[in-house]
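Convert by adding 1 to the 1-based position in the sequence shown; the result is the number in the working numbering. From the three backbone atoms N, C-alpha and C, an ideal C-beta is built for every residue, glycine too. First the structure, in the form of structure tokens, and then the observations on it.
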Amino acid sequence: MIPAQTKTIKIIISLTALLFLQASFGQTLKDCSTCKTQLIKKEQVKNLNVDNIRLLTNEIFARNGYMFENSRFQEYFENKSWYKSVGDNKKVVLNDIEKKNLAFFKDVTKTLEDQKKELTSQLKNFKELVFQDKISELQNAYNFSYEKGNSEEKKLLKEVFRKINLNDINYYKSKGMFKTIEDNGFVQIEYMVYIENDEVTITYNYMAHSKIIEDFDEYTDYLSENEFSYNWQFKFTRNKLNYIRLAVAG
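Given below as structure tokens:
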């Protein structure tokens, strides 16, 4: 083979390897099989949530034979073909790359938790402005305005905020929620704040007849035709809450 051809092949191989590495680092991290030998990049975790990061953090220890007091984690890793307990957690030793990845995961977790706190803080501020009828401040801070000609919207939004507890929003993976349903013997009304990724929805749902009503009969005046819902939709991006639209159904 002539030298020029050999050089060309080497260049192609090098470029292929480089593209492969770039693609690998650009992909979302699905497990920690490389956490012992490669430093994790921000691009690999940008779409992950706190629960994902916690599992990856524990996987670093699991791949070194760590035994977990948390039975759910222990059972999860015992089902992995690569897991083998060393029997004594004192024998677990992490290398420098693993330690750096753990520190990185810790920083990512703090950032994500801080984002949740900031979202809650902005929702609370939004709530206060709603109760104070600060129309211009709502517009300036959150791009929010009431729908023209809708006399019910302001009243219903205030009612939702009286019912939901913004201090008790809990998360599972990329979703967070606080919901309460009140049944007054005539109607069930659902009040909710729902979060999924960067989308936030505040809901008033006049949803169904009371559970004590057995049927649409002569004993009740309830009509399913009167059921409706208001959904105030927001986006939370770059640590900023912005109003998008009001969706009304029913």
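- For N166, no beta strand (DSSP E) encloses it, and the DSSP letter there is neither H nor E.
- Under a 10 Å Cβ-count criterion, Y220 is classified as exposed, with fewer than 16 other Cβ atoms of the shown protein chains found around its own Cβ.
- Less than 8 Å separates the beta-carbon of I54 from that of T110.
- Classified as buried, R64 has 16 or more neighbouring CB atoms from the shown chains inside 10 Å of its CB.
- For E60, the enclosing alpha helix (DSSP H) has its first and last residue at 51 to 63.
- With a cutoff of 8 Å on beta-carbon distance, T181 and Y195 are scored as not near each other.
- The C-alpha of E160 lies about 42 Å from the C-alpha of Q45.
- In this chain, the alpha helix (DSSP H) harbouring V131 covers 97 to 132.
- Between L242 and L124, the C-beta spacing is below 8 Å.
- Counting C-beta pairs with one atom in each stretch, the segment 80 to 88 and the segment 202 to 212 have fewer than three that are closer than 8 Å, which means they do not touch.
- For T58 against L103, the beta-carbon gap comes to about 6 Å, under 8 Å, which counts as contact.
- Around the C-beta of I213, fewer than 16 other C-beta atoms lie within 10 Å, and the residue is accordingly described as exposed.
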